[in-house]
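Asks: Adding 27 to a residue's 1-based position in the sequence shown gives its number in our numbering. Before I ask anything, here is the structure I am working with.
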Amino acid sequence: MDLSDRPRAHLGVWPTPLHDVDGLWMKREDLSGFGFGGNKVRKLEFLLGAAIARGQSRVVTFGALQSNHVRATAAACARLGLRLEAVAVQAVPRTDADYTTSGNAFLTELYGATRHVVPDDDAASALALELMAEHGDDLAVVMPGGSDRIGTLGHVDSALELYGQLEFDPHEVVVAASTCGTMAGLVIGLAAADVDTVVRGVCVYHSREQTEAALRDLLTQTCDELGVAVPDDDRWVLDDSQFGDGYGIPSEAGLREIRRLATTTGIVLDPVYTAKAYAALPSDPELRRRTVFMHTGGGPSLFAYRTALV
Ligand SMILES: Cc1ncc(COP(=O)(O)O)c(C=O)c1O
28 MDLSDRPRAH LGVWPTPLHD VDGLWMKRED LSGFGFGGNK VRKLEFLLGA AIARGQSRVV
88 TFGALQSNHV RATAAACARL GLRLEAVAVQ AVPRTDADYT TSGNAFLTEL YGATRHVVPD
148 DDAASALALE LMAEHGDDLA VVMPGGSDRI GTLGHVDSAL ELYGQLEFDP HEVVVAASTC
208 GTMAGLVIGL AAADVDTVVR GVCVYHSREQ TEAALRDLLT QTCDELGVAV PDDDRWVLDD
268 SQFGDGYGIP SEAGLREIRR LATTTGIVLD PVYTAKAYAA LPSDPELRRR TVFMHTGGGP
328 SLFAYRTALV
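Quick look at the structure:
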């Protein structure tokens, strides 16, 4: 599968490392080398590459007040000379200063984005329509999480890169599943590489049913974009065992994994995505050795959750 003719803005440092740590293999997308790293950088290379190819100079995107996606988009727009309208939705029931002003909220402003804080998704959609009316064709709309048929190509790319680094066929690749572009890209890329590996998506944003609908839609759209068949359902599973009290609310198991990994390896997970996915990993050592954990980043949001951790 060749992505080399796609418009792509160069932002990250590739390949990201594959580390043997904590009894498993960890693909370090947290070290993607730009804007505090994470899984959004690859998506943004394709999304903003396409926007620049269309001649657009302004971008709107959406996310929670502590969105990693919005922070990475702000950094990318700064690098590429694009103006970002960042729509920050009060999606998590927190009003304290750590949550509303530190971590990703602070970085998004530091990177120079215009930040609009709105109470809910309806207000975000209304604002997006206003911005579209005001800026017309000059405005690129980047979907929440960067998950559409173009952003997902970023993780078709990470799957192909991972395949080139592996010396064995993993039993599972485990990843946090929110807007599902990362998971969908991995499923498509690993199917194209013909690896006998299941992608386990750990639901952190929506229920299993809603996550499945989003995943199926992205698989269909991205395969259509690439002109390939949609991979069989036995190539992926969705796991809602770590959903806990919902999006943005840390779980006890996740917090335990953050502390354990930080104090034994120096690697940090984040409470919203990667810690919940990490808590879903197998404990059996044999199975663990054949598992790849996709470390998708999220470190800056730790500052918004410091009182839950120390
Ligand atoms: C750190 C981190 N991990 C995982 C995800 C999930 O990725 P996706 O939205 O592609 O499912 C996100 C998305 O916001 C994220 O910020």
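Every residue gets a Cβ at the ideal spot worked out from N, C-alpha and C, and that includes glycine. These numbers were taken from a predicted model, which means no experiment stands behind them.
1) Considering only DSSP beta bridges, list what K70 is partnered with.
2) How far does the alpha helix (DSSP H) with D149 in it extend, from its first residue to its last?
3) Considering only heavy atoms of ligand 1 and the C-beta of each residue, which residues fall inside 6 Å, strictly closer?
4) Classify F89 as helix, strand or coil using the three-state DSSP reduction.
5) CB-CB under 7 Å to I43, same chain, minus the five flanking residues each way: which ones, in chain order?
6) Could you check which residue in C104, C230, A132 and A160 has the C-alpha nearest to that of L329?
7) Quick check on M53: does DSSP put it in helix, strand or coil?
8) How would you write the range of the beta strand (DSSP E) that E112 sits in, first residue to last?
9) Provide the residue span of the beta strand (DSSP E) that contains C230, from first to last.
10) DSSP three-state call for V255: helix, strand or coil?
11) From G271 to S278, what does the alpha carbon distance come to, in whole angstroms?
12) Can you tell me whether P312 is buried or exposed? The criterion is at least 16 other CB atoms within 10 Å of its CB, across all chains shown.
13) Determine the closest residue to A331 out of A80, W41 and N95, with distance taken between C-alpha atoms.
14) If you measure between the beta carbons of I177 and F73, is that distance less than 8 Å?
15) Would you give the residue range spanned by the beta strand (DSSP E) that V201 belongs to?
16) For the alpha helix (DSSP H) that contains A167, what are its first and last residues?
17) Buried or exposed: E236, going by 16 or more other Cβ atoms within 10 Å of its Cβ?
18) Taking only the alpha-carbon atoms, compute the straight-line gap between L265 and H46 and give it to the nearest angstrom.
19) Going by alpha carbons, who is nearest to V145 out of D164, G173, V40 and L92?
Replies: For this structure:
1) Beta-bridge analysis with DSSP links K70 to no other residue.
2) Per DSSP, D149 belongs to the alpha helix (DSSP H) from D148 to H162.
3) Proximity annotation: ligand 1 has residues G65, N66, N95, H96, G172, S174, A203, A204, S205, T206, C207, G208, T209, M210, D297, Y300, T301, T323, G324 and G325 in chain order, each selected because its CB is closer than 6 Å to a heavy atom of the ligand.
4) DSSP places F89 in strand when its eight states are reduced to three.
5) According to the sequence displayed, residue 43 carries Thr and not Ile. Shown here for T43: same chain residues with a beta carbon closer than 7 Å to its own, the five before and five after excluded, namely K54, R55, E56, L58 and S59 in chain order.
6) If you compare the alpha carbons of C104, C230, A132 and A160 with that of L329, the shortest gap goes to A132.
7) In the structure shown, M53 sits in a strand (DSSP, three-state: E or B).
8) R110 to V116 is the extent of the beta strand (DSSP E) around E112.
9) That run of the beta strand (DSSP E) goes V225 to C230.
10) Of the three classes helix, strand and coil, the one that applies to V255 here is coil, per DSSP.
11) Within the model, the alpha-carbon separation for G271 versus S278 is close to 6 Å.
12) It counts as exposed.
13) Closest option to A331, Cα to Cα, is N95.
14) Yes, Cβ-Cβ distance for I177 and F73 is below 8 Å.
15) Going by DSSP, V201 is part of the beta strand (DSSP E) stretching over E199 to A204.
16) In this chain, A167 is not harboured by any alpha helix (DSSP H); it is covered by the beta strand (DSSP E) spanning L166 to V169.
17) It counts as exposed.
18) Their backbone Cα atoms lie some 25 Å apart in a straight line.
19) Of the candidates D164, G173, V40 and L92, the residue whose Cα lies closest to the Cα of V145 is L92.
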